[in-house]
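Notes for the one structure printed next.
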Amino acid sequence: MPKKILLISPSFESVYEGTNLKDVAPTTPHTGLAYIAGSLLDHGHEVKIFDFNLYNDNQKFIKELVDFNPDFIGINFVTSLIKEADRILRTIRKINKKTIFIGGGPHCSSEPRSSLKETLLDIAVIGEGDFTVLDIIDEKNLLEIKGIAYKKDNEIFLNERRDYIKNLDVLPFPAYHLYELEKYQIPSVVAKKNPVVWIETSRGCPFGCVYCNKTIFGRIFRAKSPERVVEEFIRVKKMGVKEVHILDDTFTNDIIRVKRICDLLIEKKVEMTWCAASGIRVDRVDLELLKKMKQAGCYRIHIGIESGNQGILNRIKKGITLEQVKNAVKWAKEARLDVGGYFMIGLPGDTEETMQQTIDFARSLNLDLAKISVCIPLPATELFNDLNKRGL
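Using my numbering, you'd call the opening residue of the sequence shown number 3 and step up by one each time.
And the structure:
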């Protein structure tokens, strides 16, 4: 029997409030919810998405909630938004006493028990939710659903994890048509054209950086076929999307696959502006690849550099060298691509001297964009677990 599901993306406004990032922080349709919605729609359910980043308006939300009257609420949040997610759930509970609350995202996967304890969630999805959510909506016995934690009689139960999806081509296409795409506008420093959506071409990262959370997609690299990736480009273009950003943790992990994607984009004359915005590894690029990416419509790559000190890079298990960084930037410039660099300060072992080396190294690279973040020990990372063991 078809069900009604309202999917919710909480606002990041509280995270950026009071900072100089507020005016350049990109707002785009939530990719994870688009893929979950695609899965639900494929199985005949009725789905709506409410994005608080677009409409941070409680009255509008309450009206949509009352009008739609969903059977299930799905809410996706990161660690910094757990209180905001719970505020939204409490607002809903005052109006609808029966709706079942499902949580997803990196915090639920990392801390399922505390996610249930600290919020009104009934169920927390652990790992990939594409098919897990279908079992929940079909109201299967919760005890038998892999990849969830749930509340029952004031107790919390944690089930066995679901296996990773091996063939990503079986995934439904993301339901970006559920968003008001034309209302998403990204600052020019982040994108050339609007509207922008993110596309996921692979899942899983085999590398072991200590600050990275891998509780959703794990360390086994799995990729969509080049044909499937290009079909996603074509579909979002037909929806009116003007620019695509690649979401993958390791987009260029399989260089041959990415070259094939580029060849197909060129052959099929897709003519989409795109950007490797999540960051690619400097040890997984070559000049031929970067030239193909440029020819296929890519205008910028972002690379994860993190530190300008080799000792710090070794300590965080980044697995790259400063020389590889220099080569990647040089090749990208030769391919006429813009280059963005991602850096962190406050990494394990960092001192005032090594942080200054990072700043100096960033300046020396002739980057078009540099973003320096403060390292945060996120739950379920090696960094978090190490600090926790040491009482820090």
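Here a beta-carbon is modelled for each residue, glycine too, at the ideal position from N, C-alpha and C.
Exercise. Taking Cβ to Cβ, would you say ILE138 is nearer than 8 Å to ILE97?
Worked result: The residue labelled residue 138 in the question sits at position 136 within the sequence shown. The residue labelled residue 97 in the question sits at position 95 within the sequence shown. No; because the gap between Cβ atoms is not below 8 Å, this pair is not in contact.
Exercise. What are the boundary residues of the alpha helix (DSSP H) that VAL192 is part of?
Worked result: By one-based count along the sequence shown, residue 192 stands at place 190. Per DSSP, VAL192 belongs to no alpha helix (DSSP H) and is neither H nor E.
Problem set entry | Own chain partners of ILE167 with C-beta closer than 6 Å, once the 5 adjacent residues on each side are dropped | Your numbering for residue 167 matches position 165 in the sequence shown. Contacts found: GLU130.
For this session: Check each candidate in GLY106, GLU336, ILE158 and name the one with the smallest Cα separation from TYR37.
Result: Residue mapping note: residue 37 aligns to position 35 of the sequence shown, counting from 1. The alpha carbon of TYR37 has as its nearest neighbour, out of GLY106, GLU336, ILE158, the alpha carbon of GLY106.
Exercise. In this structure, does DSSP put THR275 in helix, strand or coil?
Worked result: Against the sequence shown, residue 275 aligns to sequence position 273. If DSSP states are grouped into helix, strand and coil, THR275 belongs with the strands.
Problem set entry | Member of PRO114, VAL192, TYR213 whose CA lies at the smallest distance from the CA of ILE318 | On the sequence shown, position 316 is the one that residue 318 refers to. Sorting PRO114, VAL192, TYR213 by C-alpha distance to the C-alpha of ILE318 places TYR213 at the top.
For this session: State yes or no: is the C-beta of THR254 within less than 8 Å of the C-beta of VAL260?
Result: As a working mapping, residue 254 is identified with position 252 in the sequence shown. As a working mapping, residue 260 is identified with position 258 in the sequence shown. Contact flag set, yes.
For this session: Enumerate in chain order the residues of its own chain whose CB-to-CB distance from ASN196 is below 8 Å, with the five nearest sequence positions on each side excluded.
Result: By one-based count along the sequence shown, residue 196 stands at place 194. Within its own chain, the residues whose Cβ lies closer than 8 Å to the Cβ of ASN196, once the five positions on either side in sequence are excluded, are TYR186, GLN187, ILE188, LYS244, GLU245, listed in chain order.
Problem set entry | Range of the contiguous beta strand (DSSP E) that encloses HIS247 | Start at 1 with the first residue of the sequence shown, and residue 247 comes out as number 245. Its beta strand (DSSP E) spans residues 245-248.
Exercise. According to DSSP, which residues form a beta bridge with ASN78?
Worked result: Position 76 of the sequence shown, counted from the first residue, corresponds to residue 78. For ASN78, which the question treats as bridged, DSSP gives the partners GLY106.
For this session: Note the first and the last residue of the continuous alpha helix (DSSP H) segment covering TYR18.
Result: Position 16 of the sequence shown holds residue 18. Per DSSP, TYR18 belongs to the alpha helix (DSSP H) from 15-18.
Exercise. From which residue to which residue does the beta strand (DSSP E) around PHE52 run?
Worked result: Against the sequence shown, residue 52 aligns to sequence position 50. Counting along the chain, the beta strand (DSSP E) containing PHE52 begins and ends at 48-53.
Problem set entry | Of the residues LYS153, ILE307, ASP250, ALA278, the one placed nearest ILE347, counting alpha carbons only | Here residue 347 corresponds to residue number 345 of the sequence shown, with the count starting at 1. Closest in alpha carbon position to ILE347, among LYS153, ILE307, ASP250, ALA278, is ILE307.
For this session: State the CB to CB distance for the pair SER11 and PHE54, rounded to an integer number of angstroms; the pair is presumed to be in contact (CB under 8 Å).
Result: For the purposes of this step, residue 11 is identified with residue 9 of the sequence shown, where counting begins at 1. For the purposes of this step, residue 54 is identified with residue 52 of the sequence shown, where counting begins at 1. Indeed they touch by this definition, with Cβ atoms about 6 Å apart.
Exercise. So, helix, strand or coil for TYR181, using DSSP?
Worked result: Indexing the sequence shown from 1 puts residue 181 at position 179. DSSP places TYR181 in coil when its eight states are reduced to three.
Problem set entry | Nearest neighbour of ASP352, chosen from LEU315, PRO176, ILE257, THR21 [CA to CA] | As a working note, residue 352 is residue 350 in the sequence shown. Of LEU315, PRO176, ILE257, THR21, the residue nearest in Cα terms is LEU315.
Exercise. For PRO191, which of PRO4, GLY342, GLU354, PHE386 has the nearest alpha-carbon?
Worked result: Walking along the sequence shown from the start, residue 191 turns up at place 189. Correcting the residue identity first, residue 191 is Val in this sequence and not Pro. Residue GLY342 is the option with its Cα nearest to VAL191.
Exercise. Helix or strand or just coil, what does DSSP make of MET346?
Worked result: As a working note, residue 346 is residue 344 in the sequence shown. MET346: strand per DSSP, three-state reduction.
Problem set entry | 8 Å Cβ cutoff met for GLY321 and HIS304 | Taking the first residue of the sequence shown as position 1, residue 321 is located at position 319. Taking the first residue of the sequence shown as position 1, residue 304 is located at position 302. In this structure, the beta-carbon distance from GLY321 to HIS304 does not fall below 8 Å.
For this session: State the DSSP-derived secondary structure class of SER41, mapped to helix, strand or coil.
Result: Counting from 1 along the sequence shown, the entry for residue 41 is found at position 39. Looking at SER41 - three-state DSSP - the assignment turns out to be helix.
Exercise. Which term fits ARG365, buried or exposed, when burial requires 16 or more other beta carbons within 10 angstroms of its beta carbon?
Worked result: As a first step, residue 365 is located in the sequence shown; it is residue number 363 there, counting from the start. So ARG365 ends up on the exposed side.
For this session: Assign ARG164 to one of three DSSP states: helix, strand, or coil.
Result: Here residue 164 refers to the residue found at position 162 when the sequence shown is read from its first residue. ARG164: coil per DSSP, three-state reduction.
Problem set entry | Residue range of the alpha helix (DSSP H) that includes LEU67 | The residue you call residue 67 lines up with position 65 of the sequence shown. Looking at the DSSP string, the run of the alpha helix (DSSP H) that includes LEU67 is 60-70.
Problem set entry | Collapsed DSSP secondary structure at SER117 in the structure displayed | Along the sequence shown, read from residue 1 onward, the residue named residue 117 stands at position 115. Note: SER117 maps to helix in three-state DSSP.
Exercise. Who are the near neighbours of GLY313 in its chain, counting only those whose CB is closer than 6 Å to its CB and skipping five residues on each side?
Worked result: Locating residue 313 in the sequence shown gives position 311, where the first residue counts as 1. Nothing meets the Cβ criterion.
For this session: Ignore the nearest five residues each way along the sequence and tell me which others in ARG95's own chain have a CB closer than 7 Å to its CB.
Result: Numbered from its first residue, the sequence shown carries residue 95 at position 93. Excluding sequence neighbours, ARG95 sits near LEU122.
Problem set entry | Same chain, Cβ closer than 6 Å to LEU371, five either side skipped, listed in chain order | Here residue 371 refers to the residue found at position 369 when the sequence shown is read from its first residue. Within the same chain, LEU371 has close Cβ partners GLY342.
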